[in-house]
Amino acid sequence: MAAAIGHMEAFNESVEPWTTYIERFEHFIEANSIEAEKKVPVLLSVIGGKTYGLLRSLIAPEKPGEKSFKHITDTLQQHFSPKPLVIAERFRFHRRNQEESESVTQYVAVLRGLSEHCEFGGHLDDALRDRFVCGLKSEATQKRLLTESTLTFQRAVELAVSMETASREAHQLSGSLTGEMQNITAKITLKPENKLKFCQPRVVPYALRPKVEAELKRLTEIGVLSPVEHSEWATPIVPVVKKNGDVRICGDFKVTINPVLHIEHYPLPRIEDLFASLAGGQCFSKLDLSHAYLQMRVEEDSRKFLTISTQKGLFQYNRLPFGIASAPAIFQRAMNQILQGLPNVHCYLDDILVTGQTEAEHLENLDAVLGWLHAEKGKCDFFKDSLEYLGHIIDAEGLHKSPKKVHAIVNAPIPSNITQLRSFLGLLNYYGRFIPNLANIANPLNALLCKGKRWQWSEECDAAFKKAKEQLVSQNVLTHYDPQNAIRLACDASPYGIGAVISHMLPSGEEKPIAFASRTLSKAEQNYAQIEREALAILFGVRKFHQYLYGRKFTLFTDHRPLTTIFGPQKGIPSMAAARMQRWALLLSAHNYTIEYKRAEHHANADGLSRLPLQVEHSEKMDAVELFYLEQMEKLPVSATDIRRETMSDSTLSTVVETVIKGTQAVNLTGNNELSPFISKRAELSVQHGCLMWGMRVVVPLKLQKRVLEELHTGHPGIVRMKAIARSYVWWPGIDADIELCVKMCQSCQQIQKMSPQAPLHPWEWPSRPWERIHVDFAGPCEGHMYLVVVDAHSKWPEVQLMTSTTAGRTIEVLRNLFSHYGLPEVLVSDNGPQFVSQEFVTFLKANHVKHIRSAPYHPATNGQPERFVQSLKQALKASKGSSTVQRRLETFLLTYRNTPHPTTREAPSRLFLGRQLRTRLDALKPSVTAAVRLSQTSQVLRRAGRSKPRQFGVGDAVLARDYRGRERWISGVMTAQSGPVSYNVDVGTSAEWRRHADQLLSIPNQAAETQVTQPPDISDVPVPLQTSVNDTSSPPPTREQDVNSDASESQINHGKLNIPSVQVLRDGGSQESE
């Protein structure tokens, strides 16, 4: 049998309806040429056991095999798919709209499926067309389809699919960062003498933290940032609020790597080259790249320099970030490499100009550029008849001078007062060297400045004014932009207008203008603080002349000195500056410039434009910064209206507001104590809707401060948390002290506060003698025992007694026993235990004249000496547990403790308490000097005994005594006395008796002398050790006084038959015989 074509699985209602299943079965039958009589058996074989059981139940008691194919299919059709109600099907059809994630083609397929049971008949296409147009999610597509007078369903689908495809491609050109330059990376090079710089993250207001964290997460997900754990370089970030309320994260690189960056220089295109490459074009397109720098990857070794420090940790840029000083040159080089070889395409920094000889060529060039790079749709211009760039207009006819360069001069309004006229004349005189016959031209205008002259603008004045403006825009004054010459940008602001002049410093030293710009301030901008208006003028000039300035180093001039610090390229962006000032400073950080202060009288060119600005229509739409401020104030317990009203009513704040708005000191701030807190913050103050702001924090008037404090203390946060919350919303002089006082005055907070910080340590005075002051305490229970601990404050000598009972009586017994050993102390220190506060104990101490001092309740540190000893005692007992009895282990511990130097006294307690070190088994390890001397003496005696002869003399014996006078060797004499063991006194007939050693005497052998010899006493009971241990210290040697005064007969030692004289130790380590 041949193999079946296809496969029919068992019917599953959850997978497909019965209608489609039976349709597929019909195709299966036809594909496999199955005969009609076999259709029923085949169907029953493939529908599955579950469906077969259902069918048998539906036609019981008959069997399915007995029924026809049509009967079986109709029965199951009616069961699984009963005929729907037309009204219900049409209801489902007409309420179906295109879903958010659904494409046009998918939507069409769904509508066709829903129309199956609607029974539209011949009106099906019209019904599909109507529902399709009404249900589209794109309003732009709907509007386009509604313009078709003869719209069919097929035509509507075709147009919608085309517009959807175009929209998808346009979305790829805009917004999201999807572009990446291939095979091109940026390298950051630092100067050799650079120093590592790591900046801590700046404080971010709580209101912005969620948005900052979300932006960090987004940039990490798309690969712009990568988290790192450590870095030698770190740049703080500045979050900037965008117009849509989101936050842009930028690194303040001018405080870290920009000062030590080796700035690359790459020549920018010349004007002639730029327009030569575009000549011959019929239409022109200008592409603004989306996140231009972020499309370029940074080399791995350079990423460490691009580390930013945030509240979420450290992150490294993987792409070239905004604000790097060498970024323009790096990017220009990369763009030239990418676009090299493309005809009629020219790049000037982040702008790409594209054209073509024909429309097809133009499209081809655009497609080639967009294949490499991603542009931002909203900032691109496509197929324009002309484009203005770098002060020129280029179209199919060639290059023309742009009238907008001098529009600010040509259309400047007529002065309406002397101040405006004086400013215009200052502008005129600023370039007076280039204007011939200036004095005659300006004479009617100068006449209006004369004192006493009535202001009247005449026709003569009007003619002079027009003539002067013509001269200012003539070729004598203006110059063309030249990349080789230095650039200057002067900006100034008046209460109602701003002006800017971009100029060249020519090699001759002359300054000539390139272009002028001015405009009036909107109503909201007129309420800016003076410093903000001056900053706005700078931003206006930089944006207006961006094409001239970007990628070039230029000098910025202002007559407002504080801006030289805030916008200084070497200074960090102040964290407490107003939000818009931070945003503007960040935009300026992308430029390479220096900023200089110029006095007002030398700043006449920009001042004249700001006083006669061009009238510009402003939409009073609130910008993102103002919306952010209002959102901050709406979160406060008081409204912005309350803040504004009370600010104007407060004499101090109203003065500060006036000073901030006018930019001049309304009063002498240094001499006013109430205004002095605002002096250091003068450059950071701003006014928003009549409310004084310090950075992003609202300055709260005095009358509203209490209400704000109550709101800040909602939930009873502590001082630190309350200050942290306040620093994101409000400020006033002394707010930290007010917050501290608020928390301290809150009764609920005081009742649950933690212990106060420890007081300065005040140690006990050290007693001058032992047992003068003792400290007592109980320890335990430990191993089922309580211990009474007594510590001497002078020596740290401890006494520990096991206590079977801790009553006052038993405690007194133990102390009385100690007092019997060591005497009565003067002071006894204890805690407040029941034994120590009992009357019995108090009476005992009072009777013995012992002063009792008790520690403060629940403050054991007062009686710290026994407390610390108790810890050592418990540790020792636990460590030695099981080795012996408690009493024995306790005694062993006490012996060791008493002999160990104490960390406080640096002496052992025994030495300070007893005046000596306690002898322990460790002393057996030390050699004994006494035993060594005795051993040495015995050895000397034994050596002498071998060669000596014993001689004994008695009183009255005739002897010969050694004579040292030089005449005779010996002289006769009589023994008168024995003065030592071996020394005698001899009478030789002189006035004084001689004292001689036995070695210096000779016996005279006569009978009288022999009969008078005195026998020495028997001292054989006195042992003389032949060998003595060096450790034997039981009997110390006799002193010299004992040797001299002892009886002669007792001093001689009978050792067998030898008389052994005693030996005395000399100071030099030797020995001598004792006389």
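First residue of the sequence shown: 19, per our numbering; consecutive thereafter.
In this text, a Cβ means the ideal position worked out from N, Cα and C, and glycines have one as well.
| said: Considering only the alpha carbon of each residue, which of P79, H89 and K419 lies closest to I40? | reply: Here residue 40 refers to the residue found at position 22 when the sequence shown is read from its first residue. Comparing Cα-Cα distances from I40 to each of P79, H89 and K419, the minimum goes to H89.
| How do the segment 323-331 and the segment 218-233 stand: do at least 3 beta-carbon pairs fall below 8 Å, yes or no? | yes
| task | Specify the secondary structure class of T922 as computed by DSSP and reduced to three states. | result | Start at 1 with the first residue of the sequence shown, and residue 922 comes out as number 904. Coil.
| request: With distances taken Cα to Cα, identify the nearest neighbour of I240 among N383, L296, R315 and V58. | output: Walking along the sequence shown from the start, residue 240 turns up at place 222. Nearest of N383, L296, R315 and V58 to I240, Cα basis: R315.
| Distance, Cα to Cα, K721 vs M714? | If you number the sequence shown from 1, residue 721 lands on position 703. If you number the sequence shown from 1, residue 714 lands on position 696. Cα to Cα, the separation comes out at about 21 Å.
| request: Find the nearest neighbour of F15 within the set V808, R934, L953 and C479, judged by alpha-carbon distance. | output: Here the chain comprises residues numbered 19 to 1093, so residue 15 is not present and cannot be evaluated.
| request: Go to A365, then tell me how far its beta strand (DSSP E) extends in each direction, as first and last residue. | output: Here residue 365 corresponds to residue number 347 of the sequence shown, with the count starting at 1. Before going on, a small fix: residue 365 reads as Cys here, not Ala. V363 to Y366 is the extent of the beta strand (DSSP E) around C365.
| Just to confirm, are F796 and I830 a CB contact at a threshold of 9 Å? | Translated into the one-based positions of the sequence shown, residue 796 becomes position 778. Translated into the one-based positions of the sequence shown, residue 830 becomes position 812. Cβ distance not < 9 Å, so F796 and I830 don't count as in contact.
| query | What is the DSSP secondary structure of C509, reduced to helix, strand or coil? | reply | Here residue 509 is taken as the residue at index 491 of the sequence shown, counted from 1. The answer is strand: DSSP assigns C509 an E or B state.
| message | Please identify the residue among V992, P1023 and L72 whose C-alpha is closest to the C-alpha of T1008. | response | Your numbering for residue 1008 matches position 990 in the sequence shown. Comparing Cα positions, the closest option is V992.
| Under a three-way DSSP split, which group does M26 fall into? | Against the sequence shown, residue 26 aligns to sequence position 8. Note: M26 maps to coil in three-state DSSP.
| message | Suppose only complete runs of 4+ residues qualify. What are the alpha helix (DSSP H) ranges in the segment 204-288, listed by chain order? | response | 227-239
| field | Extent of the continuous alpha helix (DSSP H) to which A555 belongs | value | Counting from one through the sequence shown, the residue named residue 555 turns up at place 537. Per DSSP, A555 belongs to the alpha helix (DSSP H) from Q548 to K562.
| request: Using a threshold of 9 Å, state whether the C-beta atoms of M199 and L391 are closer than that. | output: One-based indexing of the sequence shown puts residue 199 at position 181. One-based indexing of the sequence shown puts residue 391 at position 373. Contact flag set, yes.
| field | Every unbroken alpha helix (DSSP H) within the segment 392-471, with a cutoff of 4 residues, ordered by chain | value | 425-428, 436-448 and 456-465
| query | Should Q548 and K680 be called a contact, given that it needs their Cβ atoms to be closer than 9 Å? | reply | As a position in the sequence shown, residue 548 is number 530, starting the count at 1. As a position in the sequence shown, residue 680 is number 662, starting the count at 1. Yes, they are a contact pair.
| said: Just to confirm, is the Cβ distance from S536 to S628 under 9 Å? | reply: Indexing the sequence shown from 1 puts residue 536 at position 518. Indexing the sequence shown from 1 puts residue 628 at position 610. In contact: S536 and S628 (Cβ atoms closer than 9 Å).
| Cβ-heavy atom distance between Y70 and the ligand ZN below 8 Å? | With respect to the ligand ZN, the structure shown offers nothing to examine, as it has no ligands at all.
| query | Is W36 helix, strand or coil when you go by DSSP? | reply | Working through the sequence shown from its first residue, we reach residue 36 at position 18. W36: helix per DSSP, three-state reduction.
| query | Can you list, in chain order, the residues of its chain whose CB lies under 8 Å from that of M26, leaving out five sequence neighbours each side? | reply | Numbered from its first residue, the sequence shown carries residue 26 at position 8. R42, F43, F46 and V64, listed in sequence order.
| request: Can you give me the start and stop residues for the alpha helix (DSSP H) that T938 sits inside? | output: As a working mapping, residue 938 is identified with position 920 in the sequence shown. First-last for T938: undefined, no H or E at that position.
| request: Give the secondary structure of Q350 by DSSP, where H, G and I count as helix, E and B as strand, and everything else as coil. | output: Mapped onto the sequence shown, residue 350 falls at position 332. Q350: helix per DSSP, three-state reduction.
| Is the segment 806-825 touching the segment 902-916, taking contact as three or more C-beta pairs under 8 Å? | yes
| field | T659, DSSP secondary structure in three states | value | Locating residue 659 in the sequence shown gives position 641, where the first residue counts as 1. In this structure, T659 counts as helix in the three-state DSSP scheme.
| Secondary structure of L360, DSSP reduced to three states | The residue labelled residue 360 in the question sits at position 342 within the sequence shown. Here L360 sits in coil by DSSP.
| request: Report buried or exposed for L727, applying the criterion of at least 16 other Cβ atoms within 10 angstroms of its Cβ. | output: For the purposes of this step, residue 727 is taken as residue 709 along the sequence shown, with counting starting at 1. By the 10 Å Cβ count, L727 comes out buried.
| field | Chain-order list of residues whose beta-carbon lies under 6 Å from that of K209 (same chain, five-residue window excluded) | value | As a working mapping, residue 209 is identified with position 191 in the sequence shown. Contacts found: V278 and H280.
| Cβ-Cβ distance between S303 and C398 below 9 Å | As a working mapping, residue 303 is identified with position 285 in the sequence shown. As a working mapping, residue 398 is identified with position 380 in the sequence shown. The answer is yes: Cβ separation under 9 Å.
| field | V718 versus T673: straight-line alpha-carbon distance, rounded | value | On the sequence shown, position 700 is the one that residue 718 refers to. On the sequence shown, position 655 is the one that residue 673 refers to. If I take the Cα positions, the gap works out to 14 Å.
| Pick from S512, P919, P816 and A603 that is closest to D577, judged by C-alpha positions | Here residue 577 refers to the residue found at position 559 of the sequence shown. Answer by Cα proximity: S512.
| query | Is F150 helix, strand or coil when you go by DSSP? | reply | Translated into positions along the sequence shown, residue 150 becomes position 132. It is helical.
| query | With distances taken from CA atoms, which of L581, E80, A894 and V258 is nearest F800? | reply | Within the sequence shown, numbered from 1, the residue matching residue 800 stands at position 782. As written in the sequence, residue 800 is Cys, which differs from the Phe given in the question. Of L581, E80, A894 and V258, the residue nearest in Cα terms is A894.
| message | So, at 6 Å on beta carbons, what are the nonlocal neighbours of V246 in its own chain, with the 5 sequence-adjacent residues on each side left out? | response | For the purposes of this step, residue 246 is identified with residue 228 of the sequence shown, where counting begins at 1. Once the five neighbours on either side are set aside, the close Cβ partners of V246 are L332 and Q334.
| message | Taking the alpha carbon of Y514 as the reference point, which residue from D264, N503, S476 and Q438 has its own alpha carbon closest? | response | Start at 1 with the first residue of the sequence shown, and residue 514 comes out as number 496. Taking only the C-alpha atoms, the option nearest Y514 is Q438.
| task | Give every residue of the same chain whose Cβ lies closer than 7 Å to the Cβ of K741, excluding the five residues on either side of it in the sequence, and list them in chain order. | result | The sequence position of residue 741 within the sequence shown is 723, counting from 1. So the qualifying residues of the chain are D754 and I757.
| query | When the Cα atoms are used, what is the spatial distance from D1050 to G841? | reply | Counted from its first residue, the sequence shown places residue 1050 at position 1032. Counted from its first residue, the sequence shown places residue 841 at position 823. Residue placement at D1050 is flagged as unreliable, the pLDDT there being 41, under the threshold of 50; a coordinate-derived value is accordingly withheld.
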